[in-house]
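S.K.: So that we are looking at the same thing, I have put the structure below in structure tokens.
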Amino acid sequence: MSLSWSRTTRVIAGAATALAVLTACGGGDDTADKPDGPVTLTFWGWAKGTKDVVDAFNASHTDIKVTFEEIPSGNAGGYAKISNAVKAGNAPDLVSIEYPSLPEFVSSGALQDIGDAFTEADRAKFLPQAVDLTTLGGRSWAVPFDAAPQAFYYRKDLFEKHGIEVPTTWDDFRKAAEQVRKADAKARIATFFPDDPTTFEAMAWQAGAQWFKAEDDTWKVDTTDPATTKVTAYWQGLLDDGLVHKNASFSPEWTGSLKNGTTLGYLGASWGAGVLKGTLPEQSGKWAVAPMPSWDGRPASGMLGGSTFAVPKNSAKKAAAVEFAEWMTTTEEGVKARIASGTSSAFPAATALRPTAKKAFDAGYYGGQDIYALFEAAGASISPRWSWGPTTGTTNTAIKDRFGAVAPGGPTLAEAVKAGHDATVAELTKRGLKVEG
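Residue numbers (the working numbering): 2 to 438.
Printed below as a string of structure tokens:
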């Protein structure tokens with residue numbers, strides 16, 4: 002998986018002021034705290050199959066016991082809950098944080114450096130790029146779990162019924178969208194998620210955008226580059242012409258449209274295979290997976306999410322927390338427990354465990370299709386240009402607040418992205434960082 006995610010580390014390390022923020026604010030004790038006796042950990046997360054993993058761990062371990070609390074997904078309130086708990090001093094011992102949000106948690110001083118517990122030998126089990134993505138300012142802040150290349154899920158039966166070709170380019174996608182609406186006036190090929198800027202950002206990433214870049218001591222922010230402008234105009238056109246639905250991600254409206262066949266596709270990521278399988282078990286055999294459409298027909302993908310496990314600054318159980326995180330991410334037992342639940346299609350960052358994940362996932366839902374081979378190819382095509390900045394929450398909140406109001410003849414996607422840009426520049430400036438954009 003040829004992702005130059007080391008760029009993220011270089012970019013952050015290259016901005017002296019940003020580096021000072023990242024390294025000076027990290028809380029926690031620098032010494033590993035391997036417990037002498039049984040220890041109880043609290044763990045917050047939301048990924049599919051997590052409870053099954055915790056149950057399997059507790060059944061096979063006596064020195065560490067894990068109490069799991071399922072929280073809303075990060076952008077649906079989970080990150081706010083974690084941040085508030087850290088500020089109140091009652092955060093859990095381990096939390097799930099997606100790659101895009103990790104720099105912000107680090108820069109705010111919410112997490113512990115886990116480098117003394119997560120050794121070089123441990124890190125060698127993972128994709129070097131995934132390790133780089135969790136290494137900021139020369140310190141290790143989280144245990145990587147999965148990568149999340151994009152994929153297009155579609156109703157194979159309905160595509161065949163209506164004689165629609167699976168699109169390989171975005172031009173093809175628009176043509177297919179027109180065919181879907183012509184075949185069924187109520188049906189659409191996919192859904193634009195106004196509540197989830199990360200899906201839009203993944204498509205900008207796929208197109209070659211680079212929103213954040215740090216040079217010397219300055220952050221450069223650019224959301225008006227040609228790649229982003231192209232993606233923004235394309236999706237504005239689909240919305241204006243009524244060729245896609247506009248519903249909140251994973252909402253009753255979205256789920257209902259999948260159930261009744263008025264949404265024929267889902268632009269998601271590798272983990273989406275488990276989401277559909279768990280949400281629509283009655284549609285087994287009707288869905289298939291294809292590479293994301295690209296602008297020129299050649300393989301290209303962005304990253305949509307992808308999870309890590311981090312230790313909040315107030316935890317006094319870092320070594321035990323890291324031990325549990327490594328069990329979840331680097332052992333066959335941990336991966337099997339998650340994926341065998343039937344609701345997770347995680348694509349492990351620990352490369353040696355991908356055959357285990359493939360074997361554990363029952364692909365019968367997708368007609369026996371080798372979806373993990375597709376994920377491997379998609380992962381290899383992820384653009385190396387994208388980097389995450391330290392203000393993801395601010396950026397995404399500003400965009401999300403305006404995406405919902407986008408309508409033909411009204412507010413536009415371009416205005417929403419510009420609002421995200423302006424909010425980002427203002428927040429970086431507020432933090433005392435030099436910024437251009």
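Here a beta-carbon is modelled for each residue, glycine too, at the ideal position from N, C-alpha and C.
Determine the direct distance from the alpha carbon of S97 to that of F310, and round the result to whole angstroms.
M.R.: The residue labelled residue 310 in the question sits at position 309 within the sequence shown. The residue labelled residue 97 in the question sits at position 96 within the sequence shown. If I take the Cα positions, the gap works out to 5 Å.
S.K.: Check the C-beta distance from G368 over to G438 and give it rounded, since I have them as a contact under 8 Å.
M.R.: The sequence position of residue 368 within the sequence shown is 367, counting from 1. The sequence position of residue 438 within the sequence shown is 437, counting from 1. Going by Cβ atoms, the distance from G368 to G438 rounds to 47 Å, so no, they are not a contact pair.
S.K.: Where are the alpha helix (DSSP H) runs, 4 residues long or more, that stay fully inside the stretch 136–187, in chain order?
M.R.: 157–162 and 171–184, all fully within the stretch 136–187.
S.K.: Check whether the stretch 175–182 touches the stretch 235–253, counting contact only when three or more Cβ pairs, one atom from each stretch, lie closer than 8 Å.
M.R.: The stretch 175–182 is in contact with the stretch 235–253.
S.K.: Among all the DSSP beta bridges, which residues are the ones paired with V96?
M.R.: Locating residue 96 in the sequence shown gives position 95, where the first residue counts as 1. Bridge partners of V96: W45 and A311.
S.K.: Could you check what DSSP says for G15 in three-state terms: helix, strand or coil?
M.R.: The sequence position of residue 15 within the sequence shown is 14, counting from 1. Low confidence applies to G15: its pLDDT is 41, below 50, so where it sits in the model is not reliable enough to give any reading.
S.K.: From R124 to I383, what distance separates their C-alpha atoms?
M.R.: Numbered from its first residue, the sequence shown carries residue 124 at position 123. Numbered from its first residue, the sequence shown carries residue 383 at position 382. The alpha-carbon atoms of R124 and I383 are separated by roughly 21 Å.
S.K.: By Cβ distance, which residues of its chain are closer than 6 Å to G405, with the 5 residues on each side in sequence left out?
M.R.: Along the sequence shown, read from residue 1 onward, the residue named residue 405 stands at position 404. The answer, listed in chain order, is P195.
S.K.: Quick one: what's got a C-beta closer than 6 Å to G421's C-beta in the same chain, skipping five residues either side?
M.R.: Numbered from its first residue, the sequence shown carries residue 421 at position 420. Here the set comprises T396, A399 and I400.
S.K.: For P227, which three-state DSSP category applies?
M.R.: As a first step, residue 227 must be located in the sequence shown, where it is residue number 226. Helix at P227.
S.K.: Is DSSP giving I65 helix, strand or coil here?
M.R.: As a position in the sequence shown, residue 65 is number 64, starting the count at 1. I65 falls in the strand class under three-state DSSP.
S.K.: What does S295 pair with, by DSSP beta-bridge criteria?
M.R.: In the sequence shown, counting from the first residue as 1, residue 295 sits at position 294. Partner(s): T170.
S.K.: Do the stretch 138–147 and the stretch 347–362 touch if we need at least three Cβ pairs shorter than 8 Å?
M.R.: Verdict: yes, contact present.
S.K.: With DSSP as the reference, please indicate the residues paired to S302 in a beta bridge.
M.R.: The residue labelled residue 302 in the question sits at position 301 within the sequence shown. S302 pairs with I383.
S.K.: Which value, in whole angstroms, describes the spacing of the CA atoms of S61 and T225?
M.R.: In the sequence shown, counting from the first residue as 1, residue 61 sits at position 60. In the sequence shown, counting from the first residue as 1, residue 225 sits at position 224. If I take the Cα positions, the gap works out to 52 Å.
S.K.: So F430 is in the alpha helix (DSSP H); what residue range does that whole segment cover?
M.R.: One-based indexing of the sequence shown puts residue 430 at position 429. At residue 430 the sequence reads Thr, which differs from the Phe that was named. L414 to K431 is the span of the alpha helix (DSSP H), which, as asked, contains T430.
S.K.: Between L281, A301, D402 and G390, which has its C-alpha nearest E416's C-alpha?
M.R.: Reading the sequence shown from its first residue, position 415 is the one you call residue 416. For the residues L281, A301, D402 and G390, the minimum Cα distance to E416 belongs to D402.
S.K.: Nearest-angstrom Cα distance between W45 and V132?
M.R.: Taking the sequence shown and counting its residues from 1, one reaches residue 45 at position 44. Taking the sequence shown and counting its residues from 1, one reaches residue 132 at position 131. In a straight line, the C-alpha of W45 is about 22 Å away from that of V132.
S.K.: Quick one: what does DSSP say F325 is sitting in, helix, strand or coil?
M.R.: The residue given as residue 325 occupies position 324 in the sequence shown. Note: F325 maps to helix in three-state DSSP.
S.K.: Taking all protein chains shown into account, decide if R339 is buried (16 or more other Cβ within 10 angstroms of its Cβ) or exposed.
M.R.: For this step, residue 339 is matched to residue 338 along the sequence shown. So R339 ends up on the buried side.
S.K.: What are the partner residues of K319, as DSSP defines its beta bridges?
M.R.: Counted from its first residue, the sequence shown places residue 319 at position 318. Paired residue(s): none; K319 is not in a bridge.
S.K.: Measuring straight from C-alpha to C-alpha, what distance separates G1 and T169?
M.R.: With the chain running from 2 to 438 in the structure shown, residue 1 is simply not present.
S.K.: Where does G238 land, buried or exposed, given buried means 16+ other C-beta within 10 angstroms?
M.R.: Along the sequence shown, one-based indexing puts residue 238 at 237. By the neighbour-count rule (16 or more Cβ atoms within 10 Å), G238 is not buried but exposed.
S.K.: So, under 8 Å CB-CB, A322 and L137 are touching, yes? Tell me the CB distance rounded to an integer number of Å.
M.R.: As a position in the sequence shown, residue 322 is number 321, starting the count at 1. As a position in the sequence shown, residue 137 is number 136, starting the count at 1. Rounded, the Cβ-Cβ distance is 19 Å, inconsistent with contact.
S.K.: Output the distance between the C-alpha atoms of V232 and A205, rounded to the nearest integer angstrom.
M.R.: On the sequence shown, position 231 is the one that residue 232 refers to. On the sequence shown, position 204 is the one that residue 205 refers to. One C-alpha to the other measures close to 6 Å.
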